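**Student:** Got a structure for you, questions after.
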Amino acid sequence: MDRTNLVEELRRIVGPRGVVDDPHALMTYDADGCVMDTGIPQVVVLPTSTAQVSGVVRLAARYGLPVVPRGAGTGLTGGATAMFGGIVISTARMDKVLEVDTRNGRVLCQPGVINFDLSQQLKPYGYQFAPDPSSQKACTVGGNIANNSGGPHCLKYGITASHVYGVELVLGDGTVLWSGDGSPAGPGYDLTGVIVGSEGTIGLVTAVWLKITRLPEAVRVVLALFPDIAGASTAVSQVIASGLLPSALEMMDRLVIKAVNDMYKLGLPDSAGAALLIEVDGVEDGLDDLLNDVTAMCWRNGAIDVRPARTLAEQNQVWAARKNAFGAMGRLSPTYYLVDTVVPRTRLPYTMEQVGRISREYDLPIANVFHAGDGNLHPIILFDRRAKGQNQRALEAATSVMHVSIEQGGVISGEHGIGVEKQEYMTLLFSTDDLAAMAGLHQSFDPQDVFNPGKIFPKGRGCGELAALRKAGVAWATLK
Amino acid sequence: MSIPLILFHAKDRPSSDIINTCVHCGLCLPSCPTYRETGLEMSSPRGRIYLMKAVDDGKIGLESAVFQEQMSQCLNCRACEAVCPSGVQYGIIMEASRAQIEQARAANATFSPQPSALSPQPSALPARPLLQRVLRNAIFGVLFTDMRLFRAFSSSMALYQRSGVQWLARKSGVIKLLGMADIESLLPPLNGPATVPQGQIYPPEGDRRYSVALLTGCIMSTAFGHVHAATIRVLQKNGCEVLLPPDQGCCGALHTHGGDLDGGRELARRNIAAFEGLGLDAIIVNAAGCGSTMKEYDHLLHDDPEWRGRAEAFVRKVKDVHEFLAGIELNRAGLGRLDLCVTYQEPCHLVHAQRISVQPRTLLNAIPGLELREMPESSLCCGSAGVYNITQPEMAMSLAVRKLNNALSTRAQVIATANPGCAVQLVGELRRRGEDVQVRYIVELLDQSYSAGKD
Amino acid sequence: MNPLSSQIASIVGTSYLIDDLADYPAYAVQGRIPILVVAPGSVEELAHVVAAAHAAGMAVIPRGGGTMQAWGRPPAGDFMIVQTTRLSRVRIYEPDDLTISVEAGMTMQDLDALLAVHGQMLPLDVPLPARSTIGGVLSTAMDGPRRLGYGTSRDLLIGVQVVEATGRSSKAGGMVVKNVSGFDMMKLYTGSLGSLAIIVSANFKLLPRPRAAATIACTFNTPADAFALVAAIHASQLTPVAVEYLQKDEGGRMKDEASMSAVISLIPHPSSFILCVRAEGLPAAVERHIRDVAEMAERAGSSRMSVLRDEDHMAVWAAINDLPQTFSVADDELLLRLGCLPSDLERALADASALASRQGIALAVAARALSGIAYLRVRGGDEGLRHQFHADLLARWPQLAILAGPPALMAEAPIWGASVPNLALMQRIKQEFDPDNRLNPGRYVV
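Protein chains in written order, with numbering that gives the first Met the number 0: chain A, 0 to 479; chain B, 0 to 454; chain C, 0 to 445.
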């Protein structure tokens, strides 16, 4: 179809300033935080309202073009990349907080609101939005919903899915639905629950009622240093098993300590092979006892130093170091590949050993910073894209990490999603029947495969194929 | 046959190494004023670096309208640098990219616009329109390099303001036609004499603790002479002997930010020479934009063997006035009560380029009676950014509106700042709205407090 | 034996099949007798059974402990029951991982006993835990008072295996607490009332049992005073795990209602309006909650405040958890569930009380006061008055479900509320997962 007509029609819907069609400008939209997979959209639109989104989606359907939702483009698996071209709908201009309702512990906002900004806006009310992924200063709540984002504090407060009351969703035919508003026990299936984490493949979220969480009365942070990851991991297991539920348990290894030390002048000793950030929160009463117990457990497990962050400034500094650890890798290496797998918590020490082995085997340094309390690993494979063979080695090392994680009873993504980057690994985790069930769910929302095609499901096993398989499949065939 | 692209030249080439440090994580996006306003990826630091990379990789050329627009639209506020976890030196590659565009234009203005058969690679962009070129040359090439001319120009503008011609010109729209509307509305009311550095030495009050020199600069010395006077008095109160060395001039910020690196280098050499060999403890700057430029003279001259060492020695002495005062034992006893509610607008070149954020607040909080109320987005650019008002009037306007909305939400009586560009921008927007809120430099408030302390 | 029965007998063995239901009235679903009841001994057997039923065109009603079979519309047409209670094994339990994988037929009580040994818990409080199974709790998404502190099953379920309508088995999620590997099918099956697939095993994230716990029971002369305390708690930074509002029938007309009597008997000097606040965590934190809640209760006008600890604490909550049970419901009784925004709850309950007293019927309430959910037990009067009560309340509060009532009413009334939003999409989902409408046909919203 004629591209000029498409652009004209889009301009009529969102206004001339809301359409990007210059080829050089479109180039800047060819990737999200994952630059390994790229795809240039035919056009990018920046709507400001649900009605505009609906209009654009209707138009896309008429032109037979895919629609790719994009928030801040900080995702790490190519989830916002237009693999097959089409229309990228950016939510960057849908960034309004529409209503703060503390009586019902909820906030109504548009999907382009930045996670951190939301919590800042809630602060005067004494509330926060609990999910706090490391990219929270840039990532949008729409992206959080797409990827069911975690973050350090989900150890205590739960992942994004537990903080979404309902979403307004534009479907592939342009129709709009609301899945909930925070009043419990609505009849029927939990549409909100399945929309969260669907990586923008079944519809586009245009507004959302989020659950907000009262700020804790008191917070304590302690940074415990260990000679190695093994000691720190044992301390983590003991803390978890002892019936103390910290609000965060975050680990950094030697390489990461070095990088953040350079950046944040934390003055951590070189002898530290692992740093464990422990945060506890709640009412003031008993919190110091809790902190003392945790500290004692660290000492018992061979900590070389335990440093409480007493002032808010100290706490912020320690947290900044943790949250910016990924980016600080740019100081160690020109390129890195961030892996995101999860293993059962007791399998952490062994898995970390294996990550060390993989690093030696592929001759690439691997830094580790992870959500130890959740068993969510983030091995960061450091390499130089421009050096011959390193790209391939990095990819192979990442695959090995995924294999090890699955062997240990884990999964291939804790919070970054599958996107393009991990779609081929889905078969390591799921059978055709498992994938077919997911495809069935996808089909019921987006039968025309309008939204974000070519993601999550392995190539050659798109939703259509899987759903057809599912319909044709006879139970006995798989059973026998 | 495809038309060859105009690629980066060797001179002042944006470093591929710096460009490739960007890992495309996107954490810079919300810090960027133009991204916040537009939501466009190419208007973000990550997008602009991607465009530079595209030129660097030979995918697009300097003639790309998107490339040129984005290099121009950037405020070079460097908020992105402060949040970049990978430490990308964005300001450096942005200035170099602008220099590439200016070089390519200059090549076309002086040499043949047609690529010769011997050089199949065209090296030049079409020159800027004549009027624009003349104005640009008059401003960058003449006015800022000769302080006498600058002062003369400034006083003629003062006359213009007072004479009623201003009113007539505004009304008639002549100024707008000349493309000068924004320059005009930006002019601060000119009152009081200009500060002319002639080797004055102001003695300290009490024992001499430090010997410092003040950069008088261009706009600061004319429009903001009273701020210099306040700065000198505050330094004196803190045991400083204050020198105003002659021969110093404009810091060159507008040149380097605008891509005229050679012009900037010329001014840098002049200032280095002017402040050398005086036995100073510090070279004090009270304008954030000048301070950040002067702290980077070493980078600007790093390819110049004769000046590199001298630049490094110079840079070690440059101190922002707030940085200096917060770093010494402040004379708190002399501070008198100011019952004011103040909000603080952080100049980009203080908070981002120099990473000075705590010190201004420390000084404000030192003033008895003063209540500091934080505004939202205090470190988001106000849209002033040197000549940005002229090159990108729409964006500058919308950022000014956003800034004022944030500032006024605090209901403070005074907006404190530390940079002439910001001060002008804030005053302009306040005037447009008819708001009765003052814009003051932090040193002015300190000066007022010391003066209240005498009673 | 008919051919289907013989085929199924060959899968599970004759001892786990009942096809002479006359002697087993307990298996009737809202008065309708199943063709047969089968209790497979493994997931594989269950899958074979479902496949056989599918091939034979037989509808299937999944059943766990049978405590919540009152929910939903009466089955239409012939059906067989597939009972999961023999699927009661633990699949994976590594206590230090704080996760567990169990088969769907395990009872909540057995699970709790197992977890207690390791100082852990799955804080889903459901009625009749000795009979309620994991599968039933998940498919009804039944909540408990501690949803305030720990969330509901949707927040704690991390993996699932199901047998679909055709007998195909599929899984989703995993044994880890964070996971975005593929769609969150757990959310789809939770609360789907067995209409999409039969849950055969479930993985949960667990929590350490709290070091200390106590109940602050406050009695009030009016609901308004009780809700003043609710508002005060909400505004504070306290973190109680449950705030339950209880209202007994003022006329004392629900004498044979065992659970409410059990609650009342544990609370010193009870009144008609009671707020029970449950605090859990560090000993010092629990004491702080007691102090602060007591103070707030006094300000709110509480007539009496008592602190329950240890056995009394456990007993009072066991009784509260049972209040919304639908297992034994009298002929003249309705159990309703009202959902609304938490800020509307006080008004909704005032409407319910006013209607009940106008119509002269008895009303008892158990409400998760900070979550906007209330279970209303309505009794007495004549049938018409009870139905009128439901219709009138529904007109004001559209999210009103009938969880238990006489079959005739369950068949005809809008039992899932005034309307079902997004019904067309839900029908597409049902069509995709159970195109032949074999699983719990007609009983849920689609």
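In this text, a Cβ means the ideal position worked out from N, Cα and C, and glycines have one as well. This structure is a prediction, so every number in the text was calculated from the model and none was measured.
Let me confirm a value: Pro239/C is counted as buried when at least 16 other C-beta atoms fall within 10 Å, else exposed. Which label applies?
**Tutor:** Per the 10 Å Cβ criterion, buried.
**Student:** Residues of the region 78 to 97 of chain C with a CB closer than 9 Å to any CB of chain A: list them in chain order, please.
**Tutor:** If the cut-off is 9 Å between Cβ atoms, the region 78 to 97 of chain C has Ile91, Glu93, Pro94, Asp95, Asp96 and Leu97 near chain A.
**Student:** What residue range is occupied by the uninterrupted beta strand (DSSP E) comprising Trp298/A?
**Tutor:** Segment Leu286 to Arg299 is the alpha helix (DSSP H) holding Trp298/A; no beta strand (DSSP E) there.
**Student:** Taking the beta strand (DSSP E) that Met304/C belongs to, which residues open and close that run?
**Tutor:** Its beta strand (DSSP E) spans residues Arg303 to Leu307.
**Student:** When the Cα atoms are used, what is the spatial distance from Thr294/A to Leu275/A?
**Tutor:** C-alpha separation (whole angstroms): 11 Å.
**Student:** Between the Cα of Cys76/B and those of Leu234/B, Ala365/B, Ala352/B and Ile441/B, spot the shortest distance and give me the residue it belongs to.
**Tutor:** It is Ala352/B.
**Student:** Would you identify the three-state DSSP class for Asn375/A, choosing helix, strand or coil?
**Tutor:** Strand, per DSSP.
**Student:** Do Gln99/B and Asp11/B count as a contact pair if the criterion is CB distance below 8 Å?
**Tutor:** Yes, Cβ-Cβ distance for Asp11/B and Gln99/B is below 8 Å.
**Student:** For Gly329/A, return the contacting residues in chain B, with the cut-off set at a CB-CB distance below 7 Å.
**Tutor:** Those within 7 Å of Gly329/A in chain B are Thr20, Val22, Pro84, Ser85 and Gly86.
**Student:** Under the three-state reduction of DSSP, which class applies to Ile303/A: helix, strand or coil?
**Tutor:** Ile303/A falls in the coil class under three-state DSSP.
**Student:** I'd like to know if the region 196 to 210 of chain A and the region 445 to 453 of chain A are in contact, where contact means that at least 3 CB-CB pairs between them fall below 8 Å.
**Tutor:** The region 196 to 210 of chain A is in contact with the region 445 to 453 of chain A.
**Student:** Give the residues from the region 123 to 144 of chain C that approach chain A closer than 7 Å (Cβ to any Cβ), ordered along the chain.
**Tutor:** The region 123 to 144 of chain C vs chain A, Cβ under 7 Å: nothing.
**Student:** How should Tyr387/B be labelled, buried or exposed, when 16 other C-beta atoms within 10 angstroms of its C-beta is the threshold for buried?
**Tutor:** By the neighbour-count rule (16 or more Cβ atoms within 10 Å), Tyr387/B is buried.
**Student:** Should Ile200/B go down as buried or exposed, given a rule of 16 or more other Cβ atoms within 10 Å for buried?
**Tutor:** By the neighbour-count rule (16 or more Cβ atoms within 10 Å), Ile200/B is not buried but exposed.
**Student:** Looking only at DSSP bridge pairs, what is Thr342/B linked to?
**Tutor:** According to DSSP, Thr342/B bridges with Ile414/B.
**Student:** Within its chain, find whatever has a CB closer than 6 Å to the CB of Lys236/B; leave out the 5 residues flanking it on each side and keep chain order.
**Tutor:** The residues are Glu204, Asn330, Gly333 and Tyr449.
**Student:** Between the Cα of Ser241/A and the Cα atoms of Ser258/C, Leu265/C and Pro209/C, which residue gives the shortest distance?
**Tutor:** Nearest C-alpha to Ser241/A: Pro209/C.
**Student:** The beta strand (DSSP E) that contains Met79/C, what's its start and end?
**Tutor:** First-last of the beta strand (DSSP E) with Met79/C: Phe78 to Gln82.
**Student:** Output the boundary residues of the alpha helix (DSSP H) element that contains Cys289/B.
**Tutor:** Unbroken alpha helix (DSSP H) run through Cys289/B: Ala287 to Met293.
**Student:** What residue from Ile218/B, Thr20/B, Ile5/B and Val400/B has the CA that sits closest to Phe382/A's CA?
**Tutor:** Closest by alpha carbon: Thr20/B.
**Student:** In this structure, how does DSSP classify Arg472/C when only helix, strand and coil are distinguished?
**Tutor:** Nothing can be reported for residue 472/C, as the shown portion of chain C is limited to 0 through 445.
**Student:** Just by C-beta distance, which residues in the region 108 to 119 of chain A are closer than 9 Å to chain B?
**Tutor:** Answer in chain order: Gly111, Ile113, Phe115, Asp116 and Gln119.
**Student:** If you draw a straight line from the alpha carbon of Thr3/A to that of Val204/A, how long is it in whole angstroms?
**Tutor:** Between Thr3/A and Val204/A, the C-alpha separation is close to 28 Å.
**Student:** Could you tell me which uninterrupted beta strand (DSSP E) segments, each at least 3 residues in length, are contained entirely in the region 229 to 284 of chain B, listed from first to last along the chain?
**Tutor:** Entirely contained in the region 229 to 284 of chain B, the beta strand (DSSP E) runs reaching 3 residues are, in chain order, 239 to 243 and 281 to 284.
**Student:** In chain B, what lies closer than 7 Å to Pro333/A by C-beta?
**Tutor:** Simply Asn19 and Thr20.
**Student:** Report yes or no: do the region 318 to 334 of chain C and the region 66 to 86 of chain A share at least 3 C-beta pairs separated by less than 8 Å?
**Tutor:** Output reads no: the region 66 to 86 of chain A does not touch the region 318 to 334 of chain C.
**Student:** So, does the CB of His4/B fall closer than 8 Å to a CB anywhere in chain A?
**Tutor:** With the sequence shown as reference, residue 4/B is identified as Leu, and His is not the correct amino acid for it. With 8 Å as the cut-off, Leu4/B does not count as an interface residue toward chain A.
**Student:** Is the Cβ-Cβ distance between Val125/C and Met107/C less than 8 Å?
**Tutor:** Yes, Cβ-Cβ distance for Val125/C and Met107/C is below 8 Å.
**Student:** Buried or exposed, going by whether 16 or more other CB atoms sit within 10 Å of the CB of Ala423/C?
**Tutor:** Ala423/C comes out exposed.
**Student:** From which residue to which residue does the alpha helix (DSSP H) around Arg356/A run?
**Tutor:** Leu347 to Glu360 is the extent of the alpha helix (DSSP H) around Arg356/A.
**Student:** Is it buried or exposed, Lys387/A, if we count other Cβ atoms within 10 angstroms and call 16 or more buried?
**Tutor:** So Lys387/A ends up on the exposed side.
**Student:** So Leu258/B packs on Asp206/B, CB below 8 Å; how close in whole Å?
**Tutor:** Sequence check: residue 258/B is Gly here, not Leu. Not really, about 47 Å apart at Cβ, beyond 8 Å.
**Student:** With 7 Å as the C-beta to C-beta threshold (strictly closer), list the residues of the region 29 to 55 of chain B near chain A in chain order.
**Tutor:** Per Cβ criterion, the list reads Pro29, Gly38, Leu39, Glu40, Met41, Gly46, Tyr49, Leu50 and Ala53.
**Student:** Can you name, in chain order, every residue of its own chain whose Cβ lies under 7 Å from the Cβ of Phe223/B, other than the five neighbours on each side?
**Tutor:** Excluding positions up to five away in sequence, the list reads Pro419.
**Student:** For Thr214/C, which residues in chain A fall below 8 Å Cβ to Cβ?
**Tutor:** Going along chain A, no residue has its Cβ under 8 Å from Thr214/C, so there is no contact; the nearest lies around 17 Å.
**Student:** Does Val444/C come out as helix, strand or coil in the three-state DSSP assignment?
**Tutor:** In the structure shown, Val444/C sits in coil (DSSP, three-state: anything other than H, G, I, E or B).
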